[in-house]
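Residue numbers (my numbering): 5 to 262. For each residue, glycine too, the CB sits at the ideal point set by N, CA and C. Being a predicted model, the structure only gives us computed values, none of them experimental. Report on the following structure.
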Amino acid sequence: MKNLMKWLIALPLISFSALGLELSPLERNTYKGDFEQLKERGVIRALVSADLGFYYVEGGRPKGIIAEQLHHFETKIKQKAPLMRVKIIPVGRDDLFKALNEGYGDVAVANLTITERRAKLVDFSDPILKNVEELLVTHKDIEPIEELADAEGLEVWIRASSSYFESVQEINRRLSDEGLIPMRVNFIQETLQDIELLEMVDQGFVPATIIDSHKTKLWAKVMENIVVHHDFPLRENGEIAGLYAKTALTSKRKSTPT
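Written out as structure tokens, the structure reads:
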């Protein structure tokens, strides 16, 4: 299984419609297996979550960087097993880990940062992206955030399942140790994507959120009212990877961010 993930992460990060991929709802039947067992079934189930620019559906077709990676992944797999296909199964972002470990999918591909907590739940592939920072993004009316003290009492809106929440918890511990007021955390619906949070900040509905650095490069230029605070990253040297369930049939990969 780990070799499958190596094929996947080696594919180019380009985006267009993945016409040949099969889109399927979550099925009741669950199972787990290694590549030989999956080859007998003729399908590799890839769990994904909506993330505009990376995975979305338009006109009934999967699109985005992740969809295109999976399309090339299927092409590579067919060189070894011509009858195999990749089936895309969309699930909620907060359900990815549970669905994978319960056997509803064989791999999961999303913008997921490797964290110590997550590494206890699943096995990660080798990193797809390295040196990722988690950055505060605020409305332009918020004062600059350049050091720990500047984050005191800041109100941030994030998903509870995100690695951003783990980063905020660490920052709040540091703030408390310094006798400062922790950041105030508000949770938004898990169905909301990062770009939607950025739009809420841009329009002044919420004062701040947290976004991966590679995403800010995609979207920050088109939103006039947001400020990305590069001088005070909440997480540095982050790694984003694919994941698969912890079973006796897969080799383990241990990795924790600094």
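Rounded distance between the beta-carbons of residue j and residue i, thought under 8 Å
{"i": "I244", "j": "T119", "result": "No, I244 and T119 are not in contact; Cβ-Cβ is about 11 Å, not under 8 Å."}
{"i": "P211", "j": "E138", "result": "With 8 Å as the limit, P211 and E138 do not qualify as a contact, their Cβ atoms being about 17 Å apart."}
{"i": "V189", "j": "I162", "result": "7 Å"}
{"i": "R65", "j": "E78", "result": "In fact, because the Cβ distance is near 14 Å, the residues do not count as touching under 8 Å."}
{"i": "D55", "j": "Q197", "result": "6 Å"}
{"i": "T195", "j": "G96", "result": "7 Å"}
{"i": "G242", "j": "V136", "result": "4 Å"}
Rounded C-alpha distance that separates residue i from residue j
{"i": "D145", "j": "K43", "result": "56 Å"}
{"i": "A215", "j": "A50", "result": "As written in the sequence, residue 215 is Ile, which differs from the Ala given in the question. Going by the C-alpha atoms only, they are around 24 Å apart."}
{"i": "A114", "j": "I70", "result": "7 Å"}
{"i": "F101", "j": "E147", "result": "37 Å"}
{"i": "I93", "j": "T34", "result": "13 Å"}
{"i": "M204", "j": "E170", "result": "22 Å"}
{"i": "E156", "j": "M187", "result": "6 Å"}
{"i": "F39", "j": "Y248", "result": "12 Å"}
{"i": "S167", "j": "R239", "result": "9 Å"}
{"i": "K67", "j": "Y60", "result": "5 Å"}
{"i": "G246", "j": "G37", "result": "17 Å"}
{"i": "W11", "j": "L104", "result": "Note on W11: pLDDT 42, under 50, position unreliable in the model; the coordinate value appears next. Roughly 19 Å between the two C-alpha positions."}
{"i": "L201", "j": "Q193", "result": "10 Å"}
{"i": "V47", "j": "D235", "result": "46 Å"}
{"i": "P131", "j": "N176", "result": "28 Å"}
{"i": "D206", "j": "G63", "result": "28 Å"}
{"i": "H76", "j": "R178", "result": "44 Å"}
{"i": "E72", "j": "Q41", "result": "25 Å"}
Among the options, the one whose alpha carbon lies nearest that of residue i
{"i": "R121", "options": "E72, E174, K36 and L74", "result": "E174"}
{"i": "F191", "options": "F77, G37 and V172", "result": "V172"}
{"i": "L184", "options": "A103, H76, N135 and L158", "result": "L158"}
{"i": "D181", "options": "S166, A153 and H234", "result": "A153"}
{"i": "F58", "options": "L222, V47, R45 and K134", "result": "L222"}
{"i": "N229", "options": "G208, G246, T213 and E240", "result": "G208"}
{"i": "E150", "options": "K225, K36 and V232", "result": "V232"}
{"i": "L87", "options": "K36, R45 and L104", "result": "R45"}
{"i": "L133", "options": "G68, S217, A103 and E106", "result": "S217"}
{"i": "A164", "options": "T213, D206 and R177", "result": "T213"}
{"i": "L74", "options": "K91, G63 and V226", "result": "K91"}
{"i": "E106", "options": "D235, R32 and H234", "result": "R32"}
{"i": "H143", "options": "H234, V47, M227 and Q41", "result": "M227"}
{"i": "I199", "options": "E72, K225 and L179", "result": "K225"}
Proximity test, Cβ basis, 8 Å: residue i and chain B
{"i": "L42", "result": "Annotation note: the requested chain B is absent from the structure, which comprises a single protein chain."}
Residue i: CB within 7 Å of a non-hydrogen atom of the ligand PLP
{"i": "Y60", "result": "No copy of the ligand PLP occurs in the structure displayed, which carries no ligand at all."}
May I ask you to verify whether the region 78 to 88 touches the region 126 to 133, counting CB pairs closer than 8 Å and requiring at least 3? no
Threshold first: 3 residues or longer. Then list the beta strand (DSSP E) segments lying entirely within the region 127 to 208, N to C. 133 to 143, 159 to 162 and 188 to 191
Could you say if the region 95 to 113 and the region 45 to 65 meet the contact criterion of at least three C-beta pairs nearer than 8 Å? yes
Quick one: which unbroken beta strand (DSSP E) runs of 3-plus residues sit fully inside the region 48 to 80? Chain order, please. 60 to 62 and 65 to 67
For the region 86 to 123, which segments carrying the alpha helix (DSSP H) assignment without a break, of at least 4 residues, lie completely within its bounds, in sequence order? 100 to 105 and 120 to 123
As an exercise, report each continuous alpha helix (DSSP H) stretch of at least 4 residues that is fully enclosed by the region 208 to 237, in chain order. 217 to 223
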